[in-house]
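In the working numbering, the protein residues as written are 6 to 255.
Heads up, the thing below is written out as C-alpha cells.
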C-alpha cells in the first residue's frame, strides 16, 4: 500500500506530516483499512495517485478533474482555515515585487507571468480563468516547476507576477526570508482546496472519520505547522464543473 502527502512537503514540515500519518495509519487500521507503516516521501505523485495500491494521498483539483476523477475515490477537501474562504475552499494570491505593490493584476497582462505547472489549479488555471473573466490573459509564460520557484523568480526579477495558492504563500512568508520583497495585489476566485484521495472503489466515509480523529489527536505544535483544520466533503460535480483554461505557451 502507498501513502503520501506531497502537496505541501517541505523539510520543516516532515515531522508534522509523519506524526499525522502515524495517527491516521492507526485510525485507518482500526477501521479495517490496510495502511502502510510510513509515508513515501520519494514516490512520483502520479505513480502514487494512479496506483491501485493507493491508500491515501493529496492532489490538486485540476489533476483530479482532468485525469484522476475516474481512477480514484475522493475523500474530501482539506480545510486550512484561510481568511475569507469557506471551509474546504482556497484561492490563489497574485504576488509581485514590493515595488509594484500599488498596481493591479490587470496591469500585468503583458508582463512575464510565471507558473508552477500546467496542471496546477492555483498556479495556472485559477489566474488564467480570473483573467479571462476580465477580457485578457497573462502572457508571456514562464514555467518554474514549483510555487516557491515562481515566488523566487519574481523576487529575483526573472518574472513579474505569479499566482500562488494561499496555503503555499502562508508557508513561504513564514519560512522564506525573500518573501519580504514581495507583495500581494489580488486574489483569484475560490475553488475546492487540495483534496485527499484513495484508490477507486473505496467508501470515503471511514477515511474522513479516521482523518478527523487523527487531526484531533495531533499535537498542537504539528497542527500549527501544517495549518490543517479539518476535512470537508465536497461533491465531485463541483470539481468537474470548473472550467479548464488553454494550455500555456512557453
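Think of the CB as a built atom: it goes at the ideal place given N, C-alpha and C, for glycine as much as any other residue.
- Collapsing the DSSP output to three states places residue 179 in a helix.
- Note that the segment 89 to 98 does not touch the segment 42 to 55; fewer than 3 beta-carbon pairs, one per stretch, sit closer than 8 Å.
- Residue 254 carries a coil assignment under DSSP once its states are collapsed to helix, strand and coil.
- Burial is judged here by how many other beta carbons sit within 10 angstroms of a residue's own beta carbon; residue 149 has at least 16 and is buried.
- Pairwise C-beta distances place the segment 162 to 170 in contact with the segment 135 to 154, as three or more of them are shorter than 8 Å.
- Residue 142 carries a coil assignment under DSSP once its states are collapsed to helix, strand and coil.
- Secondary structure note for residue 113: it is in no beta strand (DSSP E), with a DSSP letter that is neither H nor E.
- Shown here for residue 206: same chain residues with a beta carbon closer than 8 Å to its own, the five before and five after excluded, namely 78 in chain order.
- Note on geometry: alpha-carbon atoms of residue 113 and residue 105 lie some 10 Å from one another.
- Excluding sequence positions up to five before and after residue 253, its CB lies within less than 8 Å of the CB of 120, 123, 129, 146, 148, all in the same chain and listed in chain order.
- Per the coordinates, the alpha-carbon of residue 51 lies some 9 Å from the alpha-carbon of residue 73.
- Excluding sequence positions up to five before and after residue 82, its CB lies within less than 6 Å of the CB of 93, 197, 198, 200, 237, 239, all in the same chain and listed in chain order.
- A residue is called buried when at least 16 other Cβ atoms come within 10 angstroms of its Cβ; residue 229 does not meet this threshold and is exposed.
- A straight-line Cα-Cα distance of about 14 Å links residue 132 and residue 101.
- The distance from the Cβ of residue 160 to that of residue 183 is about 5 Å, consistent with a contact at the 8 Å cut-off.
- Of the other Cβ atoms in all chains shown, 16 or more fall within 10 Å of the Cβ of residue 84; this residue is therefore buried.
- Residue 188 is bridged by DSSP to 101.
- Look at residue 172 here: in three-state DSSP terms it is helix.
- Just measuring C-alpha positions, the residue of 63, 10, 110, 232 sitting nearest residue 134 is 110.
- In terms of CA proximity to residue 127, 65 leads the group 34, 65, 30, 231.
- Residue 37 has its alpha-carbon roughly 46 Å from the corresponding atom of residue 189.
- Taking a 10 Å sphere around the C-beta of residue 53, we find 16 or more other C-beta atoms and assign the residue as buried.
- As the crow flies, the alpha-carbon of residue 49 is around 19 Å from that of residue 70.
- Bounds of the beta strand (DSSP E) holding residue 84 are 77 to 84.
- Counted as a single uninterrupted DSSP element, the alpha helix (DSSP H) harbouring residue 226 occupies residues 225 to 231.
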